[in-house]
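Residue numbers (my numbering), protein chains in the order written: chain A, 113 to 627; chain B, 12 to 737; chain C, 289 to 390.
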Amino acid sequence: MDFVAKHLLTLTLFIPTLSGLILLFFPSEKKNVIRWAAFVLSLIPLALSLMLWFNYEASIPGFQFQEQYHWYSAIQASFHLGVDGISLTMVLLTTLLTPLSILASFNIEERVKAYMILFLLLETGMLGVFMALDLLIFFVFWEIGLVPMYFLINQWGSEKGERTIWGGKQISARTYASIKFMIYTMAGSLGLLLAVQMLGVVSGTFDIPLLIEKWNAIQGSLFGLSIGTVKALAFWAFALAFAIKVPVWPFHTWLPDAHTEAPTAGSMILAGVLLKLGAYGFLRLVLPLYPAEARTFAVALAFLATMAIIFGALDSYGQDDFKRLVAYSSVNHMGFVVLGIAAAAFKAGSENATIAINGAVLQMFNHGLSAAGMFFLVGVIYERTHTRSLKEYGGLFPLVPVFGGVLIFVSMSSLGLPGLNGFISEFLVVRGAWPIFTFYTALSMVGLLFTGAYILKGLKEVLHGPLNEKWVGHIKEMNSRELVVVTPLMALMLLIGVWPAWILDVINRTVEMLF
Amino acid sequence: MTIETIIWLLPLPPLLAFFLIVLFTNRSKKLSHIIAVGAALLSWAGSMVVFFRALQVGGHHLGEHPFTAAINWLPLGSGWLRIGVLVDPLSATTLFFVAWTVLTIFLYSVGYHNYGQPKGDADRMGLPPGGATVTDEHGHKHTVPSVEPMYSRFFAFIGLFAFGMYLLVVSDNLFTSFVGWEIMGLCSYLLIGFWYGKASARAAMIKAFITTRIGDVFMLLGIAYLYAQTGTLTFRQIFTPQILHELVSTPAPVLGLSAAGLIGILLFIGTVGKSAQWPLHVWLPDAMEGPTPVSAMIHAATMVSAGVYMVIRMFPLLSAGAEHAHLTTPMMAMAFIGAFTALFSATIAVAQNDIKRVLAYSTISQLGYMVAALGIGAYVAAAFHLVTHAFFKALLFLGSGSVIHGVEHGALYTSMHLDANDMFNMGGLKKKMPITFWTFLIGGFALSGFPVLTAGFWSKDEILSDAFGHGHHIVFWTLAAAALLTAFYTMRQISLTFLGKPRTEATRHAHETPWTMTTPLVILAMFAVTFGWLGVPEHFPVLGGLLPNWFHDFVGSTLTEHPETVPFNFVPLVVSLVVALGGLSLGWLVYRNVPAGAQDPLKKPLGKLYTILQHKYYFDEMYDFLFVRPATWISEVFAYQWIDRGVIDGLLHAIAALSLKIGSFLRNYIDIPIVNGSGDLAGNTIKRMGVTFRVLQTGRVQQYMVIAILTTVTFGAVFYYLLGWH
Amino acid sequence: MVPLPWYLIFAAALFCIGLYGVLARKNAIAILMGVELMLNAVNINLIAFWRYQAVEQVAGPAFAVIVFAVAAAEVAVGLALFISIYRRRDSIIADDIDLLKW
């Protein structure tokens, strides 16, 4: 027990990988055994992260559960892990969503073993980013997460659909989506890698807490350029990588494709956790490393966030494909995260900034819940109807009353209905950003209005209206496995909506100490 | 149990009922309605306890020391957002009418949804019950009303709704008020679309949600702004002189307003949406697609009133900085929009044939009254009208539901297919449905402001005399005109429905509804009469002073500055008598005897205007053209096809294509000719040499030997003689 | 003592005879014999040079002995190959054995 307590983070981080290795020894044709094994094994990190959560002391500043090992001493990089209130929240989200996603993928029939192993590897990648306190480690895990996702989309993605690319060439939609996802993110990572190297070389360390001190203390000139220019360049290298991942408008177009084509559980994780990596990067690295630059460019960031909010909502409203509608809603919701971050960057240290960041972090968590829930429900209805086109549903409510109720509930969380989680975070962002970016905040209300419009459009086309007789007798109600997937999400949505203090207190204290 | 604990617990029973029904009892109709009505009863009892405790304490004391309690809820930076409960005279009064209307409507719903009737022949979830065929002991087949297939769901929804309303009323801060506000919005959405299988209901539910959401997002901004400025959302902390003063003296970023002005306007826009004021009024008439108890509760008595309740609640902020007879910007906006809406929708109501739509427009109009009253600073009058209106409008809606129910019963009996909401299909129901008739008459008269007896008279009169007394003549005359029209269309409705002869076979076979439906009517009718007597002005001729003006004293003491009563003046009294009685008699004269199949008698004289009124000034069409279609176009074509697919993806594809071009350039012009070329050249040269020299390879050892020797000798000679290697 | 050039001329003649045998004879065994002659010519050279030039050193006879050994081994291997070829192709005529021809 002592061992576990001392190595909580490492264990949480690598048990998924280990589980993947264990799965390797299972015979491929025992699909059910593999599924259950993957599910049960993925519960271990959840249990560990719950241990983290309950042993975490919110009142102590700085990182907790730190672990540091030799790794690459020659270039002053070490294997350094640690969590604070922000990353702990994200770790909890990741370890919660992974078992649920695995449970949601029980209907995968092809190459189950490879699928589950990739999923577990993905979890390690994501957790690593949230836990890393070393820039090089951060980058390594940042890239690791890409690979399993690429294969999940490319191999298990939706089999239908084609996409026309430049020159009238047709390729299958999932190939298109996976390549777009991969290349887009890689393109962002390029600059990040360069900037990371530069920071490490200049500051003589990759350790994030140390780096923040040393980097900010640098004066004079570097490589023949003034330090301001170098910092601005490095800032944009970081910001671009994270902006693509979030994604901020106009770097968002990989998202609807990737989400739409990914398998249900892939979309759940993609929207639920992967997008948070970008926002987390802003919070953990960009704001502390480049306070001055972040302040200078905050207006630009706020503008892009507002555009993301508005255009995300509009795009979402303009869809006939249910899954794509939900995918675009992520752009809309993550826009609020970025708006909060931008506001905080502009007036760092003020009460408003604290509130905005609180809102942003909570919004990250909330969006993780609601987006995962929405994608799961889209998957449920897709599995029954084999179509994602809203025009082909129609009045399904009498056939699937339980599904309908769940869909309305989760949709309302996504819409930001007061009493559920989404509202709290959106309110905090708006409250925090209003005194700082009054105009953009006011403008983003257009997006908030259209959030209502597209959510209701989805509900309208799927559940309400005259019953489409085609589906009578062909659609089954949600089964208990599906209910088990969605129930924890719903419970958390309600809990955060009614009593947000349990999670916000942890976030708030960290934010107060950090910014 | 302390009174504060009771207040904390007030909203919970209906919420609990919601969860219980949804999770456990949704298969049992009986259990579901027992839980729901029981929950409403519990909340009602709690509200009564609170109300009577408030009476005991007395208005003045309660105004200064309201029942209040708060807890830390949301950690924000160094402080907390506190939420809590508050019952001051205003919320005590609101609690009173909310509790009564909610309870009566819960009870009414049992009958309205045909509890105890057989299951329908072809009923399906999402559609109104279509009747069941039963065979009596003689072997005759009858069609009788069938029970609502989603009976339990209805009670779950209204339970959740009641929770929202109670939450809003007892909140001590804008945040939880807003939570209740939006939960009601959700329930309104769900209940308007209760029969979601109908395309019209589906359209109406979305329209209602989106239209009110327009108001809500502005309100959210207002709340955020207020919170950012003052650091608190608790009413009593905001309404302190220094904070109000600070708000008034801080300039807002737009329009040259003060912070107080901008916050006020933003919050008021929320009310415009929720209380269906022009220009966001369009959703309320369509909301009549919902079951009638919903119309009564949500769209007449409680939720739409909540909009007005909110502005009354925020009145100290809205009026901050107002001098005598000088109105603040938000107040002017309210006075204008309220008065305009009151008249505007009253005109539309005149030309509607759907019994519920008439009431819907009348609701909009009456809410406009209250908003206008508040706009001119008539705080108490607005609150008074809010309460009386809630009673008589709920009564009218329930009455209309009873009428529709009766007619539908007749239609089923006679196997006729007709629009049971159309008043021109009715007539002569007075004898068939006496309880409904008499209660409806009371409600109608209250709405028209029938003198002295009805509550509507007293509240409306107070608004009019306030408007007149404070010199807001435009508002006064607009409201008076609206009152005239109100009396007229109310009498039109009563006459068409109950008087004259039955115009259809179905109406002839209509009969009175069960006790669960009539009891609420009677209770509400009682309040529609008596509640007015609580607010008789002191200086009213003859009657003044017989009863103390309790309402004014009690509710007025909510404000720190006790509002003064206006001195009595005969002009508004006479005007209100004339418009009420004139409108009623005019309506009776025109409509008392409309024969079957006849046109509306007003159609001819009004001509084109009638068509315009019937089409509600074409607002739906206009909004569709101006907002809905452009929004759809912008979303589907501009944002998605053009920007995302066209520009952004186009750019990406262009970059991809460019990379491809660069790649193929590198391959075609660098890699293939130069790199591969030189490699191939080396290979080819060697190959060619091989071809050339392979003839030497004869496979004969001796020839090899000869060559080897010759070569050795030759090279030896060359090295020795020519190169001189010794 | 016979002068050295005599030995050298003798060895050269022997070498040339051997070389001729190698180049001109058709029979592989004869070619092998030619090779032996050439080796022995070399041996004569080695011994002659040793006797006349560096009699105190042991390298000359030692080399000659190694050449004998190599020649013997060569013959053994060579004859084994010839037998093997003869078994397959029924001939040990050198011109017929042109497997390495292009």
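By construction, the Cβ of each residue, glycine as well, lies at the ideal position given by its N, Cα and C atoms.
Given the structure is predicted, the values throughout are model-derived calculations rather than measurements.
So that I know if they touch, is there some Cβ in chain C lying closer than 8 Å to that of T703 (chain B)?
no
Please state whether DSSP places A179 (chain A) in a helix, a strand or coil.
This sequence places Glu at residue 179 (chain A); Ala is not what is there. E179 (chain A): strand per DSSP, three-state reduction.
Per DSSP, cross-strand counterpart(s) of N315 (chain C)
The bridge partners DSSP lists for N315 (chain C) are C:I381.
Measure the alpha-carbon distance for E419 (chain B) versus A521 (chain B) and round it to whole angstroms.
8 Å
Residue-chain proximity (P547 (chain A), chain B), Cβ-Cβ < 8 Å
yes
For the beta strand (DSSP E) containing H626 (chain B), list its first residue and its last residue.
Run containing H626 (chain B): none; DSSP gives neither H nor E here.
Using CA coordinates, which residue listed in A:L451, A:A460, A:F458 is at the minimum distance from M476 (chain A)?
A:L451
At least three beta-carbon pairs within less than 8 Å, the segment 378-396 of chain A to the segment 187-205 of chain A
Yes: the two stretches touch, three or more of their Cβ pairs being nearer than 8 Å.
Consult DSSP for D655 (chain B) and reduce its assignment to one of helix, strand or coil.
D655 (chain B) sits in a helix when the DSSP states are folded into three classes.
Who are the neighbours of I276 (chain B) on chain A, taking C-beta pairs under 9 Å?
The contacting residues do not exist; I276 (chain B) stays about 13 Å from chain A at best.
So, at 6 Å on beta carbons, what are the nonlocal neighbours of Y756 (chain B) in its own chain, with the 5 sequence-adjacent residues on each side left out?
This structure cannot speak to residue 756 (chain B), because chain B is shown only from 12 to 737.
Just to confirm the assignment, what range does the alpha helix (DSSP H) spanning H192 (chain A) have?
Careful: H192 (chain A) lies outside any alpha helix (DSSP H), inside the beta strand (DSSP E) at 189-195.
Could you give the DSSP three-state label for L529 (chain A): helix, strand or coil?
Three-state DSSP puts L529 (chain A) in coil, outside helix and strand.
Please state whether DSSP places N604 (chain B) in a helix, a strand or coil.
coil
Counting only beta-carbon separations shorter than 8 Å, does V310 (chain C) have a partner in chain B?
yes
Here's a check: name, in chain order, each residue in its chain whose Cβ is nearer than 6 Å to the Cβ of L555 (chain A), leaving out the five neighbours to either side.
Once the five neighbours on either side are set aside, the close Cβ partners of L555 (chain A) are T418.
Within 8 Å, do at least three Cβ pairs link the segment 368-385 of chain A to the segment 319-328 of chain A?
no
Who are the Cβ neighbours of G480 (chain B) in its own chain at under 8 Å, not counting the five residues just before and after it?
V577, P578, N580, P583
Taking 8 Å as the cut-off, decide whether the C-beta atoms of G559 (chain A) and A404 (chain A) are in contact.
In this structure, A404 (chain A) does not lie closer than 8 Å to G559 (chain A) by Cβ.
Mind listing, in chain order, the continuous beta strand (DSSP E) runs of no fewer than 3 residues lying wholly within the segment 449-474 of chain A?
none
If contact is defined by three or more beta carbon pairs under 8 Å, each pair taking one atom from either stretch, is the segment 504-512 of chain B in contact with the segment 598-617 of chain B?
yes
Can you give the beta carbon distance from L245 (chain A) to I172 (chain A), rounded, assuming they're within the 8 Å contact cut?
In this structure L245 (chain A) is not in contact with I172 (chain A), their Cβ atoms being roughly 16 Å apart against a cut-off of 8 Å.
For chain B, check one thing: does any of its Cβ atoms lie closer than 8 Å to the Cβ of L387 (chain C)?
Yes, its Cβ sits closer than 8 Å to a Cβ of chain B.
Where T352 (chain B) falls, given that 16 or more other Cβ within 10 Å makes a residue buried:
buried
Cα-Cα separation, I220 (chain A) to S523 (chain A)
25 Å
Enclosing alpha helix (DSSP H) for R247 (chain B) [first to last residue]:
246-249
Taking Cβ-Cβ distances shorter than 8 Å, what residues in chain B pair up with M524 (chain A)?
Per Cβ cutoff of 8 Å: L197.
From the DSSP output, which residues share a beta bridge with V358 (chain A)?
Bridge partners of V358 (chain A): none, in fact.
Tell me the DSSP bridge mates of A417 (chain A)?
The bridge partners DSSP lists for A417 (chain A) come to none.
Rounded to whole angstroms, how far is the Cβ of H310 (chain B) from the Cβ of A371 (chain B), which I believe are closer than 8 Å?
Going by Cβ atoms, the distance from H310 (chain B) to A371 (chain B) rounds to 7 Å, so yes, they are a contact pair.
8 Å Cβ cutoff, A382 (chain C) in contact with chain B:
So, interface residue.
So, is the C-beta of V724 (chain B) closer than 8 Å to a C-beta in chain C?
Not closer than 8 Å to any Cβ of chain C, the Cβ of V724 (chain B) fails to qualify, so no.
State yes or no: is the C-beta of G517 (chain A) within less than 8 Å of the C-beta of L601 (chain A)?
no
Decide if N144 (chain A) is buried, meaning its Cβ has at least 16 other Cβ atoms within 10 Å, or exposed.
N144 (chain A) should be labelled exposed.
Below 6 Å CB to CB, which residues in the same chain sit around V566 (chain B) once its five sequence neighbours on both sides are set aside?
P100, L101, T104, V391, A394
Count the other CB atoms within 10 Å of the CB of D564 (chain B); is the residue buried (16 or more) or exposed (fewer)?
buried
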